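Asker: Dropping the structure in here first, questions after.
Numbering (my numbering), first residue to last: 7 to 255.
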């Protein structure tokens, strides 16, 4: 555990010392801030027209803003995971890392937790934006928190997949592109599963990343959805450990 925390601190410092991380956070906030205003304006217009009085502001934020954030993060997370191991290999420092007095599991978990610190920062900024609404309206806190939980689990799943793919190559750009491709496949499985002519449609629906997020975005917290993300994360972290074990041996 000590090795894991040490590596996590080193990785977190490396990430937050990078101009790329701050640039990504800044651009994300600008884009999401614009969409936040647009969705808030749409809610205000709907209330004035009484088109659907049953919809609250949390429906627009949880349903709209968090969906937009999810798409942006699909593009952002591969940029953050591409350097985790690929750059270490490219700089010939991976051998030194693997020879450190830490198990492969500690190394992988440390890298993952360092990445998670950046992802938590992104979620915290989005949460702060969302909860500013409490100053002027009654906010469905449960739905907002469920949506934020869904985003966090989705990002951690993205990060675990990206970390594993980063162990497969020495080129960070290749790792980023491959990560985006793999995540996109898991993303669109839900669309495939909704086709009535596709066999094993239920299996495709269950494997879809976006399908489980939709439930949380609607404020429905299900143990099945949470378990899916946890298993997804553990699977790719385990694959990363296996890949590094092959390299070490």
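Idealized CB from N, CA, C, for every residue including glycine. Keep in mind that this is a model prediction, so the values were computed, not measured.
Run through DSSP, which three-state label would residue 252 get?
Answerer: As a position in the chain shown, residue 252 is number 246, starting the count at 1. Looking at residue 252 - three-state DSSP - the assignment turns out to be helix.
Asker: Any contact between the stretch 94–103 and the stretch 179–192? By contact I mean 3 or more CB pairs, one from each, below 8 Å.
Answerer: no
Asker: How long is the line joining the alpha carbons of residue 101 and residue 136, rounded to whole angstroms?
Answerer: Numbered from its first residue, the chain shown carries residue 101 at position 95. Numbered from its first residue, the chain shown carries residue 136 at position 130. Looking at the two C-alpha atoms, the distance is approximately 44 Å.
Asker: Counting only the same chain and skipping the five closest in sequence on each side, list residues whose C-beta sits under 6 Å from that of residue 110.
Answerer: Taking the chain shown and counting its residues from 1, one reaches residue 110 at position 104. Cβ within range, chain order: 247, 250, 251.
Asker: Our contact map puts residue 162 next to residue 125 with C-beta atoms below 8 Å; I'd like the distance itself, whole angstroms only.
Answerer: Here residue 162 is taken as the residue at index 156 of the chain shown, counted from 1. Here residue 125 is taken as the residue at index 119 of the chain shown, counted from 1. Indeed they touch by this definition, with Cβ atoms about 7 Å apart.
Asker: By a C-beta neighbour count over all protein chains shown, 10 Å radius and 16 as the cutoff for buried, is residue 87 buried or exposed?
Answerer: As a position in the chain shown, residue 87 is number 81, starting the count at 1. So residue 87 counts as buried.
Asker: Going along the chain, which unbroken runs of the beta strand (DSSP E) with 3 or more residues stay wholly within the stretch 89–162?
Answerer: none
Asker: Do three or more CB pairs link the stretch 172–182 to the stretch 24–38 at distances below 8 Å?
Answerer: no
Asker: May I ask you to report which of helix, strand or coil DSSP gives residue 23?
Answerer: Your numbering for residue 23 matches position 17 in the chain shown. Residue state, collapsed to three classes: coil.
Asker: Note the first and the last residue of the continuous alpha helix (DSSP H) segment covering residue 177.
Answerer: Looking up residue 177 in the chain shown gives position 171. From DSSP, residue 177 is part of no alpha helix (DSSP H); its letter is neither H nor E.
Asker: Reducing DSSP to helix, strand and coil, say where residue 224 ends up.
Answerer: In the chain shown, the residue the question calls residue 224 occupies position 218. If DSSP states are grouped into helix, strand and coil, residue 224 belongs with coil.
Asker: So with Cβ pairs under 8 Å, would you call residue 125 a contact of chain B?
Answerer: Annotation note: the requested chain B is absent from the structure, which comprises a single protein chain.
Asker: Got a sec, what are the start and stop residues for the alpha helix (DSSP H) residue 85 sits in?
Answerer: Here the question's residue 85 lines up with position 79 in the chain shown. Its alpha helix (DSSP H) spans residues 72–87.
Asker: Suppose you measure from the CA of residue 221 to the CA of residue 76; what does that come to, to the nearest Å?
Answerer: Here residue 221 refers to the residue found at position 215 of the chain shown. Here residue 76 refers to the residue found at position 70 of the chain shown. Near 14 Å, if we compare the C-alpha coordinates of residue 76 and residue 221.
Asker: What's the C-alpha gap between residue 225 and residue 104?
Answerer: For the purposes of this step, residue 225 is taken as the residue at position 219 of the chain shown. For the purposes of this step, residue 104 is taken as the residue at position 98 of the chain shown. Straight-line Cα distance between these residues: approximately 42 Å.
Asker: Can you give me the C-alpha to C-alpha distance between residue 175 and residue 132, rounded to a whole angstrom?
Answerer: If you number the chain shown from 1, residue 175 lands on position 169. If you number the chain shown from 1, residue 132 lands on position 126. Their Cα atoms are separated by approximately 32 Å.
Asker: Check each candidate in 83, 17, 10 and name the one with the smallest Cα separation from residue 171.
Answerer: The count along the chain shown starts at 1 and reaches residue 171 at position 165. Taking only the C-alpha atoms, the option nearest residue 171 is 83.
Asker: So residue 118 and residue 184 are in contact, right, with Cβ under 8 Å, and what is the actual spacing, rounded?
Answerer: The residue you call residue 118 lines up with position 112 of the chain shown. The residue you call residue 184 lines up with position 178 of the chain shown. Between residue 184 and residue 118 the Cβ distance is about 18 Å, and since that is not below 8 Å, they are no contact.
Asker: Go ahead and label residue 169 buried or exposed: buried means 16 or more other beta carbons lie within 10 angstroms of its beta carbon, across all protein chains shown.
Answerer: Counted from its first residue, the chain shown places residue 169 at position 163. Answer is buried; the Cβ neighbour count reaches 16.
Asker: Ignore the nearest five residues each way along the sequence and tell me which others in residue 223's own chain have a CB closer than 6 Å to its CB.
Answerer: In the chain shown, counting from the first residue as 1, residue 223 sits at position 217. Here the set comprises 68, 72, 153, 156.
Asker: Express the C-alpha separation of residue 81 and residue 120 in angstroms, rounding to a whole number.
Answerer: As a working mapping, residue 120 is identified with position 114 in the chain shown. As a working mapping, residue 81 is identified with position 75 in the chain shown. Distance between the alpha carbons of residue 120 and residue 81 is about 19 Å.
Asker: State the CB to CB distance for the pair residue 116 and residue 9, rounded to an integer number of angstroms; the pair is presumed to be in contact (CB under 8 Å).
Answerer: Here residue 116 refers to the residue found at position 110 of the chain shown. Here residue 9 refers to the residue found at position 3 of the chain shown. Correct: roughly 7 Å between the Cβ atoms.
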